[in-house]
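Enquirer: Take a look at this one; I'll ask things after.
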Amino acid sequence: MFQKILIANRGEIAARIIRTCKKMNIATVAVYSEADQYAPFVKQVDESYLIGKPRVNESYLNIDNILEAAEKSGSEAIHPGYGLLSENAEFARRCRKAGLTFIGPSEEVMAKMGDKVAARQAMKEAGVPIVPGTDQAVSDVEEAKAYANEFGYPIMLKAAAGGGGIGMQAVNNDAELEKAFEGNSKRAETFFGDGTMFLEKQILRPRHIEIQVLADEHGNAVHLFERECSIQRRHQKVVEEAPSPFLSEKTRKEMGDTAIQAVKVLRYKNAGTIEFLVDKDENFYFLEMNTRLQVEHPVTEEITGIDLVEQQLRVANGEPLPFEQQDLKRNGHAIEVRIYAEDPVRFFPSPGQLTKFNVPEGEGIRHELAVAEDSKVTPFYDPMIAKLIAYGNDRKEAIARLRGALENYQVEGIKTNIPMLKDVIAHEKFKAGATETSFVEEYYLPLVTEK
Ligand code: MV4
Numbered sequence: 014m015f016q017k018i019l020i021a022n023r024g025e026i027a028a029r030i031i032r033t034c035k036k037m038n039i040a041t042v043a044v045y046s047e048a049d050q051y052a053p054f055v056k057q058v059d060e061s062y063l064i065g066k067p068r069v070n071e072s073y074l075n076i077d078n079i080l081e082a083a084e085k086s087g088s089e090a091i092h093p094g095y096g097l098l099s100e101n102a103e104f105a106r107r108c109r110k111a112g113l114t115f116i117g118p119s120e121e122v123m124a125k126m127g128d129k130v131a132a133r134q135a136m137k138e139a140g141v142p143i144v145p146g147t148d149q150a151v152s153d154v155e156e157a158k159a160y161a162n163e164f165g166y167p168i169m170l171k172a173a174a175g176g177g178g179i180g181m182q183a184v185n186n187d188a189e190l191e192k193a194f195e196g197n198s199k200r201a202e203t204f205f206g207d208g209t210m211f212l213e214k215q216i217l218r219p220r221h222i223e224i225q226v227l228a229d230e231h232g233n234a235v236h237l238f239e240r241e242c243s244i245q246r247r248h249q250k251v252v253e254e255a256p257s258p259f260l261s262e263k264t265r266k267e268m269g270d271t272a273i274q275a276v277k278v279l280r281y282k283n284a285g286t287i288e289f290l291v292d293k294d295e296n297f298y299f300l301e302m303n304t305r306l307q308v309e310h311p312v313t314e315e316i317t318g319i320d321l322v323e324q325q326l327r328v329a330n331g332e333p334l335p336f337e338q339q340d341l342k343r344n345g346h347a348i349e350v351r352i353y354a355e356d357p358v359r360f361f362p363s364p365g366q367l368t369k370f371n372v373p374e375g376e377g378i379r380h381e382l383a384v385a386e387d388s389k390v391t392p393f394y395d396p397m398i399a400k401l402i403a404y405g406n407d408r409k410e411a412i413a414r415l416r417g418a419l420e421n422y423q424v425e426g427i428k429t430n431i432p433m434l435k436d437v438i439a440h441e442k443f444k445a446g447a448t449e450t451s452f453v454e455e456y457y458l459p460l461v462t463e464k
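Heads up, the sequence shown is in the numbering used here, so the first residue is 14 and it goes up one at a time.
And the structure:
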């Protein structure tokens, strides 16, 4: 096993990776920006290196500075966490050139999954159902209109370099498509440096259900069941759970088998997630593949008993997976909520100095924390300050524990979305498992605009 690894990330995920390293007796190295000098994760490592100014472009995205810290510290591998450089094939290549193990999949597969048109093609070839749509990029409005009329409206206009909804728009007719095409292409060009667009038929009232996979470099692959992540606001996930309250056992198995097939065909290695859109009749369609550990990985850990970070490290070290599909069992139910430093009604970020931060402990309660009592939440990064995960023998018990923990969660000095989370999980529709992607707009927003 590696003796020392560098964590090219910050916040709760840096702390999460450090915890597994300690368990495995691996020395840890942090890199941090000027804004994170006093952050908890910097205090938890064996060694730390200041790599630049607060803005990510000048620190957490600065490959040269990160590699310099890796070399100085004698690190053998780099864990990229999520976000930042985690899906950057160029970073993976630079790690390899510097003789460091990148804890993730190959550069080739990362690049392929980053290009949504190439990813659709690869999945289609692997026998994974994709949303009906274009096999290639569409170069102009006229071509887009011709395709749209072939599949029929409504369609989704999407950016090949996209993700997170940027450059994406639903259009209902030729006129709307004409209006939307250039603007979205330009936006994608600005955000990703690539204005390539493609089309998909719009799946109506979809759910977002994703399958966690793990694969080694010896050709072994397993899935760790699904996560239901439909409750989002503006493509920002708010509540995630496993198992999905919606899926039948038959569809669950089909989705898992499909995910394994994809991973094997792609010769994927390490942890990954295949996202699907699922319609009301449980038809599922490939959406995107995330080639990294995800924010919501703890719910999978809770129901399978597997430490995903440990498996990432073992696989990156060349070890074979220590289990087969038949060894994996689901147990109970887990729900994660993301706690953001933001106004619960207007959703504006709410940075500032914490004056109190006290989290409740209890049976089935797990915390992943980015902050401590004396922390300052800066405006430079994602405003997620913590994740709260509740486990129960069934969904009802998980919800009850989550509710109790949210009621006793103490944060002062900044605003948080905790009031929103309480409203969401107390809602009859949530309790009934009506976790659709429209949940926040349909059930939460009317609640707070009335108040
Ligand atoms: C879709 C869709 C409906 N039909 N594609 C949103 C984020 C981006 N990664 C893909 N997204 C969607 N793609 C087709 N063909 C609806 C969405 C979508 C969505 C998906 C998952 C979770 C929440 C969502 C909210 C709005 C739109």
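Think of the CB as a built atom: it goes at the ideal place given N, C-alpha and C, for glycine as much as any other residue.
In the DSSP assignment, the beta strand (DSSP E) including Ser61 goes from what residue to what residue?
Expert: Translated into positions along the sequence shown, residue 61 becomes position 48. Note, Ser61: beta strand (DSSP E), Glu60 to Gly65.
Enquirer: Where do the ends of the beta strand (DSSP E) carrying Glu239 lie?
Expert: Working through the sequence shown from its first residue, we reach residue 239 at position 226. Looking at the DSSP string, the run of the beta strand (DSSP E) that includes Glu239 is Ala234 to Glu241.
Enquirer: Kindly indicate the opening and closing residues of the alpha helix (DSSP H) around Leu419.
Expert: Your numbering for residue 419 matches position 406 in the sequence shown. From DSSP, the alpha helix (DSSP H) with Leu419 extends over Arg408 to Glu420.
Enquirer: Taking all protein chains shown into account, do 16 or more other C-beta atoms lie within 10 angstroms of the C-beta of Lys171, making it buried, or fewer, making it exposed?
Expert: On the sequence shown, position 158 is the one that residue 171 refers to. Buried.
Enquirer: Rounded to the nearest angstrom, how far is the Cβ of Ile427 from that of Ala354, given a contact under 8 Å?
Expert: Sequence index remark: in the sequence shown, residue 427 carries index 414 (1-based). Sequence index remark: in the sequence shown, residue 354 carries index 341 (1-based). With a Cβ gap of about 5 Å, Ile427 and Ala354 count as contacting.
Enquirer: Closer than 8 Å is the cut-off here; do at least three beta carbon pairs connect the stretch 355-375 with the stretch 15-27?
Expert: no
Enquirer: State the start and end residues of the unbroken alpha helix (DSSP H) segment that holds Ala201.
Expert: Counting from one through the sequence shown, the residue named residue 201 turns up at place 188. Asp187 to Phe205 is the extent of the alpha helix (DSSP H) around Ala201.
Enquirer: Nearest CA to the CA of Asn296: which residue from Lys263, Ile179 and Gln249?
Expert: Residue numbering aside, residue 296 sits at position 283 when the sequence shown is read from its first letter. Selected option, being the one with the closest Cα: Lys263.
Enquirer: Three Cβ pairs or more, each shorter than 8 Å: is that satisfied between the stretch 291-309 and the stretch 250-268?
Expert: yes
Enquirer: Around the Cβ of Pro335, are there at least 16 other Cβ atoms within 10 angstroms (buried) or fewer (exposed)?
Expert: In the sequence shown, the residue the question calls residue 335 occupies position 322. So Pro335 ends up on the exposed side.
Enquirer: In terms of alpha-carbon separation, which member of Pro219, Lys277 and Arg246 lies closest to Leu227?
Expert: The count along the sequence shown starts at 1 and reaches residue 227 at position 214. Minimum Cα distance to Leu227 is reached at Lys277.
Enquirer: Express the C-alpha separation of Pro118 and Gly285 in angstroms, rounding to a whole number.
Expert: Counting from 1 along the sequence shown, the entry for residue 285 is found at position 272. Counting from 1 along the sequence shown, the entry for residue 118 is found at position 105. If you take the alpha carbons of Gly285 and Pro118, they lie about 8 Å apart.
Enquirer: Within 10 angstroms of the Cβ of Glu239, are there 16 or more other Cβ atoms? Answer buried if so, exposed if not.
Expert: For this step, residue 239 is matched to residue 226 along the sequence shown. That one is buried.
Enquirer: Would you tell me roughly how many angstroms separate the C-alpha atoms of Ala383 and Tyr422, rounded to the nearest one?
Expert: On the sequence shown, residue 383 is found 370 positions in, with the first residue counted as 1. On the sequence shown, residue 422 is found 409 positions in, with the first residue counted as 1. The alpha-carbon atoms of Ala383 and Tyr422 are separated by roughly 15 Å.
Enquirer: Is the stretch 146-166 touching the stretch 303-310 in the sense that three or more CB pairs, one from each, lie closer than 8 Å?
Expert: Too few Cβ pairs lie closer than 8 Å, so no.
Enquirer: Quick one: which unbroken beta strand (DSSP E) runs of 3-plus residues sit fully inside the stretch 205-285? Chain order, please.
Expert: 210-214, 220-228, 234-241 and 252-255
Enquirer: Can you tell me where the beta strand (DSSP E) with Asn296 in it begins and where it stops?
Expert: In the sequence shown, residue 296 corresponds to position 283, counting from 1. First-last for Asn296: undefined, no H or E at that position.
Enquirer: Excluding sequence positions up to five away, which residues of its chain have a Cβ less than 8 Å from the Cβ of His346?
Expert: As a position in the sequence shown, residue 346 is number 333, starting the count at 1. Excluding residues within five positions, the ones whose Cβ falls inside 8 Å are Glu254, Ala255, Pro256, Ile316, Tyr404, Gly405, Asn406, Asp407, Arg408, Glu410 and Ala411.
Enquirer: Would Leu190 be called buried (16 or more neighbouring beta carbons within 10 Å of its own) or exposed?
Expert: Here the question's residue 190 lines up with position 177 in the sequence shown. Answer is buried; the Cβ neighbour count reaches 16.
Enquirer: Looking at the structure shown, is Arg379 part of a helix, part of a strand, or coil, going by DSSP?
Expert: As a position in the sequence shown, residue 379 is number 366, starting the count at 1. Strand, per DSSP.
Enquirer: With DSSP run on the structure shown, which of helix, strand or coil describes Gln339?
Expert: Position 326 of the sequence shown, counting from 1, holds the residue named residue 339. Of the three classes helix, strand and coil, the one that applies to Gln339 here is helix, per DSSP.
Enquirer: Since Ile18 sits in a beta bridge, which residues does DSSP pair it with?
Expert: For the purposes of this step, residue 18 is identified with residue 5 of the sequence shown, where counting begins at 1. Answer is Thr41 and Ala90.
Enquirer: Which residue or residues does DSSP assign as beta-bridge partners of Lys400?
Expert: Here the question's residue 400 lines up with position 387 in the sequence shown. Lys400 is bridged to Arg351 and Glu381.
Enquirer: Can you list, in chain order, the residues of its chain with a C-beta nearer than 7 Å to that of Arg200? Leave out the 5 residues immediately preceding and following it.
Expert: Residue numbering aside, residue 200 sits at position 187 when the sequence shown is read from its first letter. Contacts found: Ile179 and Gly180.
Enquirer: If you reduce the DSSP assignment to three classes, tell me which class Pro333 lands in.
Expert: Here residue 333 corresponds to residue number 320 of the sequence shown, with the count starting at 1. Residue state, collapsed to three classes: coil.
Enquirer: Say whether the stretch 322-332 touches the stretch 30-38, bearing in mind that this needs 3 or more beta-carbon pairs closer than 8 Å, one atom from each stretch.
Expert: yes
Enquirer: For Val429 and Gly96, I'd like the C-alpha separation in whole angstroms.
Expert: As a position in the sequence shown, residue 429 is number 416, starting the count at 1. As a position in the sequence shown, residue 96 is number 83, starting the count at 1. Correcting the residue identity first, residue 429 is Thr in this sequence and not Val. Straight-line Cα distance between these residues: approximately 22 Å.
Enquirer: What's the gap between the Cα of Leu74 and the Cα of Arg109?
Expert: Here the question's residue 74 lines up with position 61 in the sequence shown. Here the question's residue 109 lines up with position 96 in the sequence shown. Each residue's alpha carbon lies about 17 Å from the other.
Enquirer: Sorted by chain position, which residues of the same chain lie with C-beta nearer than 7 Å to Pro167's C-beta, five sequence neighbours on each side aside?
Expert: For this step, residue 167 is matched to residue 154 along the sequence shown. Closer than 7 Å at the Cβ level, and outside the excluded window around Pro167, lie Ala183, Val184, Asn185 and Gln215.
Enquirer: Work out the CA separation of Pro311 and Thr114 for me, nearest whole Å.
Expert: Position 101 of the sequence shown, counting from 1, holds the residue named residue 114. Position 298 of the sequence shown, counting from 1, holds the residue named residue 311. Distance between the alpha carbons of Thr114 and Pro311 is about 24 Å.
Enquirer: Hey, would you say the C-beta of Thr450 is under 6 Å away from at least one heavy atom of the ligand MV4?
Expert: If you number the sequence shown from 1, residue 450 lands on position 437. The answer is yes for Thr450.
Enquirer: How long is the line joining the alpha carbons of Ala275 and Glu386, rounded to whole angstroms?
Expert: The residue labelled residue 275 in the question sits at position 262 within the sequence shown. The residue labelled residue 386 in the question sits at position 373 within the sequence shown. Between Ala275 and Glu386, the C-alpha separation is close to 44 Å.
Enquirer: Starting from Asn371, trace the beta strand (DSSP E) in both directions and tell me its first and last residue.
Expert: On the sequence shown, residue 371 is found 358 positions in, with the first residue counted as 1. Residue range Lys369 to Asn371 is occupied by the beta strand (DSSP E) that includes Asn371.
Enquirer: Can you tell me whether DSSP reads Leu505 as helix, strand or coil?
Expert: What the structure shows of the chain is the stretch from 14 to 464, and residue 505 is not part of that stretch, so it cannot be assessed.
Enquirer: Using a Cβ-based criterion (distance less than 6 Å to any ligand heavy atom), does Gln324 qualify as near the ligand MV4?
Expert: Your numbering for residue 324 matches position 311 in the sequence shown. Gln324: no, Cβ never under 6 Å from the ligand MV4.
Enquirer: Pull up the distance between the alpha-carbon of Glu163 and that of Phe211, whole angstroms please.
Expert: Position 150 of the sequence shown holds residue 163. Position 198 of the sequence shown holds residue 211. Going by C-alpha positions, Glu163 is about 14 Å away from Phe211.
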